[in-house]
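Enquirer:
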Amino acid sequence: MFNKISKLIAGFVFFYIVAMIVVLGNGSSFMGRYFQDFFNPIANSIGLNTTWNFFSPDPAQTMYLRYFVIFEDEYGNTTADTVEGFYPKSKDLGGDFRLDKKRDSYAMRFLAVDPYRIEVFFTPWLCRKNPGATKVQVELIVNRIPSLDQVIAVVNSNINDYDNILTTEQINRYIYECPHAI
48 MFNKISKLIA
58 GFVFFYIVAM
68 IVVLGNGSSF
78 MGRYFQDFFN
88 PIANSIGLNT
98 TWNFFSPDPA
108 QTMYLRYFVI
118 FEDEYGNTTA
128 DTVEGFYPKS
138 KDLGGDFRLD
148 KKRDSYAMRF
158 LAVDPYRIEV
168 FFTPWLCRKN
178 PGATKVQVEL
188 IVNRIPSLDQ
198 VIAVVNSNIN
208 DYDNILTTEQ
218 INRYIYECPH
228 AI
């Protein structure tokens, strides 16, 4: 009796998770909006409720962080050259499906949702990576992907104009103190 009940519960959990993945894969659809009260509490808690956009003609924008690691003494004088870098290093994850690149892409989306996460997770990591650093300046950069209509218009007119419709936008700029420098 116990074995049948556990199989029934495991089957229900499996069906629920598969249905959640299918429905929330395009959360802005009719089905996604209709079932959001049923799926969102669990999906939010386990990290499955992200904007995937793989059913959409307009894919999600490419996001990355540009950071500057600053080295100063207690008087604000520069003690070493500022280190500039990008996270993820490639700045554009399109077409690269290696596991480490997917992990960086998901971590980037996790950081971009809340600037507090950059302060708590990303800044201490950069400060440990660069001994002697006192501050980290972080900028969120978004590469806006043109809509399908814009691309079709460019293809019909002149293929060289495609670069003109791509836009790069700086969304936020924050400066954080290194935890060990305080």
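The sequence shown begins at 48 in the numbering used here and counts up one residue at a time.
Think of the CB as a built atom: it goes at the ideal place given N, C-alpha and C, for glycine as much as any other residue.
Alpha carbon to alpha carbon, how far is Tyr223 from Asn177? Give it in angstroms, no decimals.
Expert: Taking the first residue of the sequence shown as 1, we reach residue 177 at position 130. Taking the first residue of the sequence shown as 1, we reach residue 223 at position 176. Taking the straight line from one Cα to the other gives about 14 Å.
Enquirer: Looking at the unbroken alpha helix (DSSP H) that takes in Phe168, where does it start and where does it end?
Expert: In the sequence shown, counting from the first residue as 1, residue 168 sits at position 121. No alpha helix (DSSP H) holds Phe168; DSSP gives it neither H nor E.
Enquirer: Helix, strand or coil: which one does DSSP assign to Ile212?
Expert: Indexing the sequence shown from 1 puts residue 212 at position 165. Note: Ile212 maps to helix in three-state DSSP.
Enquirer: By Cβ distance, which residues of its chain are closer than 7 Å to Ala159, with the 5 residues on each side in sequence left out?
Expert: For the purposes of this step, residue 159 is identified with residue 112 of the sequence shown, where counting begins at 1. If we look at Ala159 and ignore the five residues flanking it on each side, its Cβ neighbours are Met110 and Leu187.
Enquirer: Assign Phe61 to one of two classes, buried (16 or more other C-beta atoms within 10 Å of its C-beta) or exposed (fewer than that).
Expert: Position 14 of the sequence shown, counting from 1, holds the residue named residue 61. Under this definition Phe61 is an exposed residue.
Enquirer: Who are the near neighbours of Cys225 in its chain, counting only those whose CB is closer than 6 Å to its CB and skipping five residues on each side?
Expert: Locating residue 225 in the sequence shown gives position 178, where the first residue counts as 1. Contacts found: Cys174, Ala180 and Thr181.
Enquirer: Counting beta carbon pairs with one atom in the segment 190 to 207 and one in the segment 153 to 172, are three or more of them shorter than 8 Å?
Expert: At 8 Å Cβ cutoff, the stretches do not touch.
Enquirer: So, with DSSP's three-state summary, where would you put Phe85?
Expert: Looking up residue 85 in the sequence shown gives position 38. In this structure, Phe85 counts as helix in the three-state DSSP scheme.
Enquirer: Residue range of the alpha helix (DSSP H) that Tyr63 falls in?
Expert: As a first step, residue 63 must be located in the sequence shown, where it is residue number 16. It spans Phe49 to Leu71 - the alpha helix (DSSP H) in which Tyr63 sits, taken as one unbroken run.
Enquirer: Could you please give me the residues that DSSP links to Glu131 through a beta bridge?
Expert: For the purposes of this step, residue 131 is taken as the residue at position 84 of the sequence shown. Answer is Phe115.
Enquirer: Just to check, is the beta-carbon of Met67 closer than 6 Å to a non-hydrogen atom of the ligand MN?
Expert: Only the bare structure without any ligand can be found here, which leaves the ligand MN out of the picture.
Enquirer: Can you tell me whether Ile199 is helix, strand or coil according to DSSP?
Expert: The count along the sequence shown starts at 1 and reaches residue 199 at position 152. It is helical.
Enquirer: Go through its chain and collect everything with a Cβ distance to Ile212's Cβ below 8 Å, but skip five positions before and after it.
Expert: Mapped onto the sequence shown, residue 212 falls at position 165. The residues are Pro193, Gln197, Val198 and Val201.
Enquirer: Grab the span of the beta strand (DSSP E) containing Gln184 for me, first residue to last.
Expert: For the purposes of this step, residue 184 is taken as residue 137 along the sequence shown, with counting starting at 1. It spans Lys182 to Arg191 - the beta strand (DSSP E) in which Gln184 sits, taken as one unbroken run.
Enquirer: Got a sec? Which residues, its chain only, sit under 8 Å from Met67 by beta carbon, not counting five neighbours each side?
Expert: In the sequence shown, the residue the question calls residue 67 occupies position 20. Counting only Cβ-Cβ distances below 8 Å, and skipping sequence neighbours, we find Phe86, Ile89, Ala90 and Leu95.
Enquirer: Mark Gly74 as exposed unless 16 or more other C-beta atoms lie within 10 angstroms of its C-beta, in which case mark it buried.
Expert: By one-based count along the sequence shown, residue 74 stands at place 27. Buried: at least 16 other Cβ atoms inside 10 Å.
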